[in-house]
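A.B. asks: No gaps in the numbering here: position 29 of the sequence shown is 17 in our numbering, and each next residue is one more.
Every residue, glycine too, gets a C-beta built ideally from N, C-alpha and C.
Quick one: this structure, given as C-alpha cells, is what I'll be asking you about.
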Amino acid sequence: MEIQKELDLTVVPTEGEIDAPSSPRKNLCLSVVESDIKNEMSFQELDMILTQYLETLSKRKKYHIGYPTNMYYEHHATLAPLLQFHLNNFGDPFAPHPTDFHSKDFEMAVLDWFAQLWEIEKDEYWGYITSGGTEANLHGLLVG
C-alpha cells in the first residue's frame, strides 16, 4: 500500500489563521492506493508524513475542548509500553478468562473502588467497565 500526497503538507497561514485551528483537510490530504511491489514508499517519506501529522495534531490539541476525551494528561509515557499488547477484556470480569492478555485485575480494582465509595459489601455487587457512554447506556437499559 502506498500513500500519495495530494496537497502540500505545509500551508502558509494567512494573518488571521496563524493561531486558529485548521480544518481537517486544509493542511493534510492523503490518498491510500495499492502499491506497486517494485515501487515501495521509502521509510524517510513515511517518517516525514507521520512527523508532519504529529505536528498537525499537536497544534490542534491546544484548541481541543476535551470532548469526547481530555488530552491534557501525561500518562502516555507511563502507559506506552502496554501498547505492544492486544488486551481483550470481553466477558464477565469476575469469571475466568480464556486468554492471558487482559486487564481484568485493574477492571475489578475499579469496581472495588466504586463499591467502597458507595459502601457496598464485597459480595453484593457485580459490574464491568464499558468502552464508552453508549455501551454503558445500552447495558443500563438492558438490565434496568
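Given a cut-off of 8 Å on the beta-carbon distance, is the pair L75 and H90 in contact?
C.D. replies: Cβ distance < 8 Å, so L75 and H90 count as in contact.
A.B. asks: Using the C-alpha atoms, what's the distance from E43 back to N58?
C.D. replies: Their Cα atoms are separated by approximately 18 Å.
A.B. asks: Quick check: the Cα distance between K92 and G79, rounded to an integer number of angstroms?
C.D. replies: Approximately 10 Å, taken between the alpha carbons.
A.B. asks: Nearer than 7 Å: is that true of the beta carbon of H64 relative to any heavy atom of the ligand NAD?
C.D. replies: No copy of the ligand NAD appears in this structure; indeed no ligand is present at all.
A.B. asks: Please report the distance separating the alpha-carbon of Y116 from that of T39.
C.D. replies: Rounded to the nearest angstrom, the two C-alpha atoms are 37 Å apart.
A.B. asks: How far does the alpha helix (DSSP H) with Y41 in it reach, from first residue to last?
C.D. replies: Element bounds for Y41: F31 to K49.
A.B. asks: Out of curiosity, what's the CA-to-CA distance linking N125 and Y41?
C.D. replies: Each residue's Cα considered, the two are about 34 Å apart.
A.B. asks: Whole angstroms is fine: what's the gap from L130's alpha carbon to S46's?
C.D. replies: In a straight line, the C-alpha of L130 is about 40 Å away from that of S46.
A.B. asks: Just curious, the alpha helix (DSSP H) that K92 is in, first and last residue?
C.D. replies: Segment K92 to L105, the alpha helix (DSSP H) holding K92.
A.B. asks: Could you give the residue range of the alpha helix (DSSP H) that holds G121?
C.D. replies: Residues G121 to V131.
A.B. asks: With a threshold of 8 Å on Cβ separation, who are the neighbours of I53 within its own chain once the five nearest residues in sequence on each side are excluded?
C.D. replies: Excluding sequence neighbours, I53 sits near nothing in its chain.
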